[in-house]
Amino acid sequence: MTSTLRKNSIVASGGLLLVILPILVSWSGHDYYISLFSRILIYGLAAVSLDLLLGFSGMISLGHAAYVGIGAYVVAIFFHHASEMEPLFTWPFVLEGSENGLLVLPLAVLISALFALVIGSLCLRTRGMHFIMITLAFAQMLYYFFVSLEKYGGDDGLSLYSRSSIPGMDLGNDIHFYYLCLGSLLVFIFVARRLVYSRFGLIVRGCSNNERRIRALGINSYSYRLALFVIAGAGAGLAGGLLANQTEYVSPGLMHWTLSGELMVMVLLGGLGTLFGPVLGAAVFLLVEENLAMYTEHWMVYMGPFLVLVVIFAKRGLFGLVAGGENGNE
Amino acid sequence: MNDKIMEVKGLNKAFGAVTATNDLSFGIDRGHVHALIGPNGAGKTTLVNQLTGDIFPDSGKIIYNSQDITRLKDYRRAHLGIARSFQITHIFENLTVGENMALSICAHSGHNFHFWRHSLRSGIVKEKLEGALGRVDLAHRRHLKASHLSHGEKRQLEVGMALTGDPELLILDEPMAGMGPGGTIELSKLIEKLKGTLTILLVEHDMDVVFSLADMVTVLVYGEAILTAPVDQVRKNRRVQQAYLGDGW
C-alpha cells in the first residue's frame, strides 16, 4: 500500500533527523537547541502516553500531568535525600536517597504506575464528562498536596544540584542526555505500537468505539481499560523523571491542570491516535512557544487559532497532513 | 437434561411509572427458533436486555440451563453461552472487518492480556478467523473498515461475531430492521442454516420472517406474555390479530 510506504518513510526520516540532530546543531553552533530538543522529546513522550488514552481508548484524561509530576518528584526526592545524606524513611526498613539513574528512573515509572492504578481504579468507574472531571480532580489534589508539602519545598519546588548518574553516560553532557531522552521515547513508541495492535490493544480499541458490545462479547472491559491507564501513567512517569533531570528543578506546577491541557493540545495538534503525531505536536508547540514568547507573553493568542484550524481541517492532525490520512489497517 | 434452555418466571421491570415488563413468564425449548413478537412499545427490547443482563429485573427469575442467572452480570452470561445481536448494529466501526471478527474470537479464548504479538497473527485468531468470516460470507471484506460496510453486511458481521463463541443461545434483536428485501432474504437464509445447531430467540417485526423461520412464538403486549404457542396456532389466534390490527397483516 503506497500510503503505508509514505507514512513509513516519513516516520523513518523523522527518526533519522532526530538521531543526527546533535551533529547538525553543533555544526550550526546553536548548542542551546540541544536542550530545547531534549525538552521536546520528553514532552513528546508524555504526549504519546496520553495518546494511548485519548486516541486509542477514548478515555479523556485531563489529569495526565499528575503522573509526570509524580515521576519528577520521585527523582527529585531521592536526589534531595542523597545530597542531604538523610534516609527517606527508617521504618519498616531504611530507605536511602539515591542519584543513580538506573534506580530512580525505573522507580519514577513504577511509582507513577502505582498512582495511576489507584486513581484509575476509581476514575474508570465513571464515564464521559464525569471521567474528565474526576481525573482533573485527582491531579489538582496532588498539586495542592505538593504545594503544601513544606519538606520538599512546597510552592517553591525543589532544586537538584546535578543530573542523575548512569554508568557509562554523562547526563550532565547535554548530548548524552539528549540521546537518553531519544532512546526512552523510541522504546516507548515501539512498545506502545506493539501494544495497540496486540490482542490487548484490540480489546481496548474496541472499548473506545463500543464498550457495551465488548461486554456483550463476554469481556470485562474495566480491567483492560485500567491496565492501559496504568501503562499510560507509567510512560508519563518516565517523562517526569527525565524532565526533573533536564531542568534540574521540580515544582508542583508540573501537576497543574494547565500542563495536562498542554499535553492534550500536543496530542490534538500532532494527530490523535497516531502515536508519532504527538511527538510532532510537542515539537511544533514548544518551538512556537519558544519563538513567539520572545515577542509577547500572550503567544497563546496565536497558538489558539492555529490549533482550531488544525483540529477542523486536519482530521489526524499535522501528522495526518504530512503522512497522509488513515489507512485501512496498521 | 432439561429440554428448556431458558425459563423466565414472573419477571417485572418498571421505569418510574411505566411498567415495561409485567409478571412475564415463558420458556424457550432447546434447539428451537423461538420468536418474540409484539407491537411497538410492548417491551421486547427491555425483555431482551434483562435476558442478557444489560439491565436487571425488579423481581422474578431467569433460569438458564437450570441455573439462576437473574443477577449475573452481562459478560458472565456471555461466558455461559448466551450471545446477542443488537437492534441497532453494534460493531466496532473504527476497526476493520477482520479485526472485528478477531476481537470476538479473542473474547472467547481466555484472557486477553497479550501485550506483544499482533492480534491478527496470534494462534487462536489465525486458526479461526478464516472460518468465522466465511460462515457469514465476509472473507473478501476483511481489510475494509467496518464503517464502510453496507447495512446488510454490518448485520452479517454482527451475527458472525455473535457466533464465534459457539453460543448455545443466540438472541437476535430485530435483525431485519432497516434492511432491504435482498438483505432480509440473505439473513433469513443464514438463520435457516443455523437452525438446529443452536437455540435462537428471534425478536422480529417482520411477520413473514417469523412465520417462515420460527417453531414457537411468544406474543408480548404491554409487557405481558399473552400467549406462547407453536407458530400455527399463533397465526390463527384472535388476540394476536387484535394486538396487531392496524399493523396490516
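Sequence lines, in order, name chains A and B. According to full-length UniProt numbering, the first sequence holds residues 1 to 330 in order. According to full-length UniProt numbering, the second sequence holds residues 1 to 249 in order. Here a beta-carbon is modelled for each residue, glycine too, at the ideal position from N, C-alpha and C.
Residue from the options with nearest C-alpha to residue i
{"i": "A:Ala234", "options": "A:Phe89, A:Leu259 and A:Leu117", "result": "A:Leu117"}
{"i": "A:Phe229", "options": "A:Leu45, A:Ser112 and A:Tyr197", "result": "A:Ser112"}
{"i": "B:His114", "options": "A:Ala137, A:Ile203 and A:His81", "result": "A:Ile203"}
{"i": "A:Ala236", "options": "A:Ile20, A:Asn8 and A:Ile42", "result": "A:Ile42"}
{"i": "B:Gly180", "options": "B:Ile200, B:Leu170, B:Leu202 and B:Asp206", "result": "B:Asp206"}
{"i": "A:Leu50", "options": "A:Leu263, A:Ser98 and A:Leu287", "result": "A:Leu263"}
{"i": "A:Glu289", "options": "A:Asp31, A:Arg39 and A:Thr4", "result": "A:Arg39"}
{"i": "A:Ala192", "options": "A:Asp31, A:Gly15 and A:Leu52", "result": "A:Leu52"}
{"i": "A:Gly317", "options": "A:Gly55, A:Thr296, A:Ala46 and A:Gly14", "result": "A:Gly55"}
{"i": "B:Lys73", "options": "A:Arg212, A:Arg225 and A:Val279", "result": "A:Arg212"}
{"i": "A:Tyr73", "options": "A:Lys315, A:Phe319 and A:Gly241", "result": "A:Gly241"}
{"i": "A:Pro305", "options": "A:Leu280, A:Phe319 and A:Val265", "result": "A:Val265"}
{"i": "A:Thr247", "options": "A:Glu96, A:Gly14, A:Gly29 and A:Val75", "result": "A:Val75"}
{"i": "A:Leu269", "options": "A:Leu280, A:Leu259 and A:Ser260", "result": "A:Leu280"}
{"i": "B:His90", "options": "B:Ser104, B:His79 and B:Gly81", "result": "B:Ser104"}
{"i": "residue 345 of chain A", "options": "B:His111, B:Val234 and B:Gly223", "result": "The requested residue 345 of chain A is not part of the displayed model; chain A covers only 1 to 330."}
{"i": "A:Tyr164", "options": "A:Ala139, A:Val68, A:Leu102 and A:Gly44", "result": "A small correction: the amino acid at residue 164 of chain A is Ser; Tyr does not occupy that position in the sequence shown. It is A:Leu102 whose Cα lies nearest to the Cα of A:Ser164."}
{"i": "A:Val11", "options": "A:Ile189, A:Arg205 and A:Val250", "result": "A:Ile189"}
{"i": "B:Pro230", "options": "B:Leu11, B:Ile28 and B:Leu24", "result": "B:Ile28"}
{"i": "B:Val159", "options": "B:Leu201, B:His118, B:Tyr64 and B:Leu24", "result": "B:Leu201"}
{"i": "A:Leu160", "options": "A:Ser26, A:Tyr33 and A:His81", "result": "A:His81"}
{"i": "A:Gly285", "options": "A:Tyr295, A:Met303 and A:Thr296", "result": "The question names Gly, yet the displayed sequence has Phe at residue 285 of chain A. If we check each option's Cα against that of A:Phe285, A:Met303 comes out closest."}
Collapsed DSSP secondary structure at residue i in the structure displayed
{"i": "B:Ser150", "result": "coil"}
{"i": "A:Thr274", "result": "coil"}
{"i": "B:Ile94", "result": "Reading the sequence as shown, one finds Asn at residue 94 of chain B and not Ile. Residue state, collapsed to three classes: coil."}
{"i": "B:Ala17", "result": "coil"}
{"i": "B:Met176", "result": "coil"}
{"i": "A:Val109", "result": "helix"}
{"i": "A:Val267", "result": "helix"}
{"i": "B:Lys73", "result": "coil"}
{"i": "B:Gly248", "result": "Reliability of the predicted coordinates at B:Gly248 is poor, the pLDDT of 45 falling under 50, and no value is obtained from them."}
{"i": "B:Ile63", "result": "strand"}
{"i": "A:Ser13", "result": "helix"}
{"i": "B:Ser119", "result": "helix"}
{"i": "A:Glu330", "result": "Annotation note: pLDDT 35 at A:Glu330 (below 50); position unreliable, coordinate value reported separately. Correct three-state label for A:Glu330: coil."}
{"i": "B:Arg85", "result": "Reading off the sequence shown, one finds Ser at residue 85 of chain B, where the question assumed Arg. DSSP places B:Ser85 in strand when its eight states are reduced to three."}
{"i": "A:Val191", "result": "helix"}
{"i": "A:Asn100", "result": "strand"}
{"i": "B:Glu99", "result": "helix"}
{"i": "B:Thr228", "result": "strand"}
{"i": "B:Met1", "result": "The pLDDT assigned to B:Met1 is 47, lower than 50, so where the model puts this residue is not dependable; a value taken from the coordinates is nonetheless given after this. In the structure shown, B:Met1 sits in coil (DSSP, three-state: anything other than H, G, I, E or B)."}
{"i": "A:Ser28", "result": "helix"}
{"i": "A:Gly183", "result": "helix"}
{"i": "A:Pro22", "result": "helix"}
{"i": "A:Ile60", "result": "coil"}
{"i": "B:Val159", "result": "helix"}
{"i": "A:Val250", "result": "strand"}
{"i": "B:Gly27", "result": "strand"}
First through last residue of the alpha helix (DSSP H) which encompasses residue i
{"i": "A:Ser305", "result": "Per the sequence presented here, residue 305 of chain A reads as Pro, with Ser not at that position. A:Pro305 -> alpha helix (DSSP H) spans Met300 to Phe313."}
{"i": "B:Val125", "result": "Gly123 to Arg135"}
{"i": "B:Asp232", "result": "Val231 to Lys236"}
{"i": "B:Leu213", "result": "Met207 to Leu213"}
{"i": "A:Val68", "result": "Ala65 to Glu84"}
{"i": "B:Ala35", "result": "Counting along the chain, B:Ala35 falls outside any alpha helix (DSSP H), though it belongs to the beta strand (DSSP E) covering Val33 to Ile37."}
{"i": "B:Ile191", "result": "Pro181 to Leu194"}
{"i": "A:Leu318", "result": "Gly317 to Ala323"}
Limits of the beta strand (DSSP E) - the one that residue i falls within
{"i": "A:Val204", "result": "Where A:Val204 is concerned, there is no enclosing beta strand (DSSP E), although the alpha helix (DSSP H) it sits in stretches over Arg199 to Ala216."}
{"i": "B:Asp54", "result": "Run containing B:Asp54: none; DSSP gives neither H nor E here."}
{"i": "B:Thr218", "result": "Met216 to Val221"}
{"i": "A:Ile231", "result": "Note, A:Ile231: premise wrong, no beta strand (DSSP E); alpha helix (DSSP H) at Ser221 to Thr247."}
{"i": "A:Ser35", "result": "Counting along the chain, A:Ser35 falls outside any beta strand (DSSP E), though it belongs to the alpha helix (DSSP H) covering Tyr32 to Asp51."}
{"i": "B:Ile200", "result": "Thr199 to Val203"}
Residue i beta carbon near the ligand COA (any heavy atom closer than 8 angstroms)
{"i": "B:Leu133", "result": "What this structure holds is no ligand at all, so the ligand COA is not there to describe."}
Near-chain B residues of the region 225-250 of chain A (beta-carbon distance less than 9 angstroms), N- to C-terminal order: Ala227 and Ile231
Ranges of the beta strand (DSSP E) found wholly within the region 125-175 of chain A, counting only runs of at least 3: none
Near-chain B residues of the region 173-193 of chain A - C-beta to any C-beta below 7 angstroms: none
Residues in the region 67-81 of chain B having any Cβ partner in chain A nearer than 7 angstroms: Asp74, Tyr75, Ala78 and His79
Near-chain A residues of the region 90-102 of chain B - C-beta to any C-beta below 9 angstroms: His90, Ile91, Phe92, Glu93, Asn94, Leu95, Thr96, Gly98, Glu99, Asn100 and Ala102
Residues within the region 150-168 of chain B neighbouring chain A, beta-carbon criterion of under 8 angstroms: Met161 and Gly165
The region 29-57 of chain B: positions lying closer than 8 angstroms to chain A by Cβ: Thr52 and Asp54
Interface residues of the region 197-212 of chain A facing chain B [CB-CB below 8 angstroms]: Tyr197, Ser198, Arg199, Phe200, Gly201, Leu202, Ile203, Arg205, Gly206, Ser208, Asn209, Asn210 and Arg212
Members of the region 114-126 of chain B near chain A, C-beta cut-off 7 angstroms: His114, Phe115, Trp116, Arg117, His118, Ser119 and Ser122
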